[in-house]
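If you're matching positions, the sequence shown starts at 0 in numbering that gives the first Met the number 0 and goes up one per residue.
Here a beta-carbon is modelled for each residue, glycine too, at the ideal position from N, C-alpha and C.
Structure first, commentary second.
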Amino acid sequence: MIGILGSGTVGSGVVEVLKSNFADISKRIGREISIKAVLVRDITKKRKNLEDINLTDNPDDILNDGDISIIVELMGGLHPSLEYMLRAMEAGKHVITANKDVVAQFGEQLFSKAEEHDVDFMFEASVGGGIPIITPLKECLAANKISLIMGIVNGTTNYMLTKMTEDGCDYDEVLKEAQAKGYAEANPAADVEGLDAARKAAILGSIAFNTRIKLDDVSVEGITSIKAADIAYAKELGYVVKLLAIARDYGDKGVNVRVHPVFLPSSHPLSNVKDVFNAIFIRGNAIGDAMFYGRGAGALPTASAVVADIIAVARNIVSGNKAVIGCTCYNKRPLCALADTESSYYIRLWVDDEPGVLGSIATAFGKSDVSLKSVIQTRMVDDHAEIVAVTHVVQHRKVETAAELLRNLPVVVKICNIIRVEE
Ligand code: NAP
Ligand code: HSE
C-alpha cells in the first residue's frame, strides 16, 4: 500500500495515472497496489478524482500506518518534507519524491538514512519532470564515464527565451506572458534567477561524476540580464540563447557544475528545444552524445516519472529483491573553480563614438591575454556606439580581468552583457 504526501499538481496527476493505468501497472508489478491515504493541508478543499480516496491532514495517519510500505512525497519545499521522509525511512518505508529542493540540499542525509534502514529512495521526477534521466544515468549509462551534461531543465525560462527569440519581445513582456499562462509563478525568482535549474544541476552533477555536488557548489546566473539586443546579436551570429545547467569534467582540475545563459550554435540539438520543453544532452566515453527530450513539468508528465519509481519499488517488494541503486557518490572529485573554466565569450558594450576607441578596447583585451575572434559595430544607442566582441576560448578569470580593465576605460560607457558561447 502507498501513502501520498501532497495532492496538488503532481499528487493529483499520480492518482490519475495510478487509476487510469491500474490494470497494466498491476500486471507489471505482479500485484495490485492501492492508495491507503493522501496527506493534504486542507481536507475541505474539493478535489477532482480524489472523491474515493482517504484524505487526511495528519501526517501520523500515514507515517505511523504499518500497512503502508511506500511513501510518495509530493508536497514540495524543504520542511517538513525532509522530516517526513526521514521518519518514513526510520519506520522501514520506501520513499519516492519529486522534490528537487530537498534532494539537492539533503540528498546525502536521505541516502544515508535509506541505507541505514535498508529501504529504497527514488527521485526520478526531481529533474526533467517526465523525462527519464536519473535511472538512465544510474543504470543504462552506467558503463560510461560522463564528461559533460548540458541541460535545459527549466521550462519557464526556456519558454521566455523562446518567445524573446521568435517574437523579438523584451524580458519584462515575456515574463508577464509566462505568468499569465501559469508557467511562471507570481514570484518567479527561483526560475528566472536560475535556482530551480541549479538544484537540478546539483542532482545531475552528483550522479554524473559520482561526487556529491552541493547546491552551494553550483555557480548560478539566471536570465534577468538578457535583453532583446542580446537575442538579436545571437541570431545574427548564428546562435540561440538558452539557459543551461552544465556539469563538465575538467580532468585533473576537477569538475564544475553551473547554470548560466549561453550562446549555443543554432545547429546544436538543444537549440531546437523550444517553449516549456526540457532536454538533457549527455556525453559519455562509450555512448558518445545522447539527448533526452520531453516535458519537464505538468501533472501527468511528472506523474509518469513518479509512478515509474512506484512500480520499481513495488516490484522489489513483490520479488523480495534488495534496494534499488542507492547513493552513487563513491568518489570525491575536486571542484574546478568557475574562474578556471574555459569558454568563448560574447561581450556587448557601449562606448563613446570617437577615433581610437576600438584601439583602446583591443588593448584592454590584449593586456588580459584575451584573444578576439570578431568585433562588430552595427548601431548607435542614444549617443553611444554599441560594440559586440566575441573571444576565442579563454579562461573565465581572464575575461573578468578584461571586463575590469574595460570598465575603467573613460571611453567605455558600460558593459551591457557578457555571455558564454558554447561551441
Ligand atoms: P502543489 O501543487 O503546491 O501541491 C502541494 C501539495 O502538498 C498540496 O496538496 C498541499 O496541500 C500539500 N502540502 C503542502 N505542504 C503541506 C504540509 N505542510 N502538510 C500537508 N500537506 C501539504 O505542488 P506540486 O506542483 O504538485 O509540486 C509537488 C512537488 O513536485 C514539488 O517538490 C515540486 O518541486 C515537484 N515537481 C513539480 C512539478 C510540476 O510540474 N508541478 C514538476 C516536477 C517536480 P493543499 O492541497 O491542501 O494545499
Ligand atoms: N518551475 C519548473 C519549470 C517546473 O519552470 O521548469 C518544476 O520543476
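Supposed close pair residue i, residue j - CB separation, criterion 8 Å
{"i": "Gly193", "j": "Arg294", "result": "At roughly 20 Å, the Cβ-Cβ gap does not stay under 8 Å, so Gly193 and Arg294 are not in contact."}
{"i": "Ala285", "j": "Gly12", "result": "Contact flag wrong, Cβ pair sits at about 35 Å."}
{"i": "Val102", "j": "Ala298", "result": "No, Val102 and Ala298 are not in contact; Cβ-Cβ is about 20 Å, not under 8 Å."}
{"i": "Asp248", "j": "Ser146", "result": "5 Å"}
{"i": "Ile148", "j": "Ala246", "result": "4 Å"}
{"i": "Asp119", "j": "His93", "result": "4 Å"}
{"i": "Leu371", "j": "Thr390", "result": "6 Å"}
{"i": "Thr400", "j": "Ser373", "result": "At roughly 20 Å, the Cβ-Cβ gap does not stay under 8 Å, so Thr400 and Ser373 are not in contact."}
{"i": "Ile34", "j": "Leu17", "result": "7 Å"}
{"i": "Gln394", "j": "Ala384", "result": "Actually they are not in contact, since the Cβ atoms of Gln394 and Ala384 sit about 28 Å apart, beyond 8 Å."}
{"i": "Gly154", "j": "Phe276", "result": "7 Å"}
{"i": "Ile151", "j": "Leu243", "result": "7 Å"}
{"i": "Leu38", "j": "Ile69", "result": "Actually they do not touch by this definition, with Cβ atoms about 14 Å apart."}
{"i": "Phe262", "j": "Ile279", "result": "About 19 Å; that fails the 8 Å criterion."}
Identity of the residues DSSP links to residue i by a beta bridge
{"i": "Val389", "result": "Tyr345, Ser373"}
{"i": "Met290", "result": "Phe280"}
{"i": "Ile417", "result": "Ile346"}
{"i": "Thr210", "result": "Asn330"}
{"i": "Val256", "result": "Ala246"}
{"i": "Ile1", "result": "Ile34, Ile69"}
{"i": "Met379", "result": "Ala384"}
{"i": "Met121", "result": "Ile95"}
{"i": "Leu404", "result": "None; Leu404 has no bridge partner."}
Collapsed DSSP secondary structure at residue i in the structure displayed
{"i": "Asp66", "result": "coil"}
{"i": "Asn277", "result": "strand"}
{"i": "Asn98", "result": "coil"}
{"i": "Asp248", "result": "strand"}
{"i": "Ile148", "result": "strand"}
{"i": "Ser218", "result": "strand"}
{"i": "Pro264", "result": "strand"}
{"i": "Asn157", "result": "helix"}
{"i": "Arg40", "result": "coil"}
{"i": "Lys180", "result": "coil"}
{"i": "Glu31", "result": "coil"}
{"i": "Phe21", "result": "helix"}
{"i": "Val71", "result": "strand"}
{"i": "Ala336", "result": "coil"}
{"i": "His116", "result": "coil"}
{"i": "Gly319", "result": "coil"}
Exposure of residue i, with buried meaning 16 or more beta-carbon neighbours within 10 Å
{"i": "Cys335", "result": "buried"}
{"i": "Gly204", "result": "buried"}
{"i": "Val306", "result": "buried"}
{"i": "Thr43", "result": "exposed"}
{"i": "Val256", "result": "buried"}
{"i": "Tyr354", "result": "With the sequence shown as reference, residue 354 is identified as Pro, and Tyr is not the correct amino acid for it. So Pro354 counts as exposed."}
{"i": "Lys199", "result": "buried"}
{"i": "Asn57", "result": "exposed"}
{"i": "Phe21", "result": "exposed"}
{"i": "Ser318", "result": "exposed"}
{"i": "Pro409", "result": "exposed"}
{"i": "Asp190", "result": "buried"}
{"i": "Asn98", "result": "buried"}
{"i": "Glu123", "result": "buried"}
{"i": "Glu72", "result": "buried"}
{"i": "Ile225", "result": "buried"}
{"i": "Pro300", "result": "buried"}
{"i": "Tyr329", "result": "exposed"}
{"i": "Asn48", "result": "exposed"}
{"i": "Asn157", "result": "buried"}
{"i": "Lys112", "result": "buried"}
{"i": "Asp430", "result": "The structure shown does not extend to residue 430, since the chain spans only 0 to 422, so no value can be given for it."}
{"i": "His313", "result": "The amino acid occupying residue 313 in the given sequence is Ala; His does not appear at that position. Answer is buried; the Cβ neighbour count reaches 16."}
Closer than 8 Å to chain E by CB, residue i
{"i": "Lys213", "result": "Absent here is chain E; the protein component of the structure consists of one chain."}
Considering only heavy atoms of ligand 1 and the C-beta of each residue, which residues fall inside 6 Å, strictly closer? Look at which beta carbons fall closer than 6 Å to any heavy atom of ligand 1; those residues are Gly5, Ser6, Gly7, Thr8, Val9, Gly10, Leu38, Val39, Arg40, Asp41, Lys44, Leu73, Met74, Gly75, Pro79, Ala97, Asn98, Lys99, Ala124, Gly128, Ala296, Gly297, Thr301.
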